[in-house]
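Sequence lines, in order, name chains G and V. Note that the first sequence covers residues 1 to 117 in the numbering used here. Note that the second sequence covers residues 1 to 111 in the numbering used here. C-beta: ideal position from N, C-alpha, C; glycine also.
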Amino acid sequence: DTGVSQNPRHKITKRGQNVTFRCDPISEHNRLYWYRQTLGQGPEFLTYFQNEAQLEKSRLLSDRFSAERPKGSFSTLEIQRTEQGDSAMYLCASSLGTPDYSKNIQYFGAGTRLSVL
Amino acid sequence: GQQLNQSPQSMFIQEGEDVSMNCTSSSIFNTWLWYKQDPGEGPVLLIALYKAGELTSNGRLTAQFGITRKDSFLNISASIPSDVGIYFCAGSGGGTYKYIFGTGTRLKVLA
Chain G
1 DTGVSQNPRH
11 KITKRGQNVT
21 FRCDPISEHN
31 RLYWYRQTLG
41 QGPEFLTYFQ
51 NEAQLEKSRL
61 LSDRFSAERP
71 KGSFSTLEIQ
81 RTEQGDSAMY
91 LCASSLGTPD
101 YSKNIQYFGA
111 GTRLSVL
Chain V
1 GQQLNQSPQS
11 MFIQEGEDVS
21 MNCTSSSIFN
31 TWLWYKQDPG
41 EGPVLLIALY
51 KAGELTSNGR
61 LTAQFGITRK
71 DSFLNISASI
81 PSDVGIYFCA
91 GSGGGTYKYI
101 FGTGTRLKVL
111 A
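Okay, here's the thing in structure tokens:
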């Protein structure tokens with residue numbers, strides 16, 4: 001049984017460069033979420049997908065950020081023209097696609113730690 | 001972004017002591033989750049709560065869904081050194097599948 005997998009675990013980049021992270025959800029889960037976590041804070045919601053459809057985006061997701069889930073399986077999160085303020089842990093979670101909101105339990109990956117120099 | 005109020009922010013306790021922490025929201029939630037996060041890792045699910053007033057246990061952990069649906073509580077009994085970490089609450093409601101997380105409670109256990 002594999003959990004949520006995120007790659008890479010760590011990414012160091014220079015300001016202005018583009019970066020892309022990948023998330024592979026638990027195989028039977030059709031909902032996938034991206035969160036960002038800065039030091040000393042709890043995770044903050046960025047966006048989520050049901051299958052390949054991106055259904056909700058946070059205002060935190062500026063136009064430099066784009067997320068895709070082209071075949072409803074893995075997802076990528078790209079940050080263009082990175083800024084130092086983008087340094088954070090980017091967490092991916094997945095859940096079963098039950099319509100019952102109260103049964104929407106999210107399981108997290110280990111995260112990708114981004115450092116922008 | 002929005003975060004839930006979680007208290008205490010941090011606590012040092014002696015091994016064997018019981019621990020209590022809580023989480024409050026200005027919004028009503030349908031689901032409360034409690035996670036534990038170790039440094040450099042993702043949050044790990046501890047307990048899920050689905051109904052107001054519900055009390056659920058997982059080993060030495062017990063959590064309650066507040067009757068107002070605006071708060072939740074986590075208790076850890078007989079703490080051990082491996083309980084060290086950051087505990088987060090997370091609530092979901094209002095017809096969305098996203099969760100709003102608390103600010104975290106940092107627990108340190110002194111042997």
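For the set G:T38, G:S27, G:D24, the Cα lying nearest the Cα of G:Q84 is the one of G:T38. Assignment of G:K103 by DSSP, reduced to helix, strand and coil, places it in the helix class. Partner residues in a beta bridge of V:Y50, as assigned by DSSP, do not exist. Contact check for V:T105 and V:S10: beta-carbon distance about 7 Å, within the 8 Å limit, so the pair qualifies. Residue burial annotation: V:Q6 is buried, with at least 16 other C-beta atoms found within 10 angstroms of its C-beta.
Under the Cβ criterion of 8 Å, G:A53 is not counted among the residues facing chain V.
In the three-state reduction of the DSSP assignment, G:D24 falls in the strand class.
Excluding five sequence positions before and after V:Q14, the CB atoms of its chain that fall closer than 6 Å to its own CB belong to L110, given in chain order.
Counting other Cβ atoms within 10 Å of its Cβ, G:L117 stays below 16 and is therefore classed as exposed.
Setting aside the 5 residues that flank it on each side, V:K98 is surrounded in the same chain by S92, each with a C-beta closer than 7 Å to its C-beta; the list follows chain order. Contacts with chain G at 8 Å (Cβ-Cβ) do not include V:Q14.
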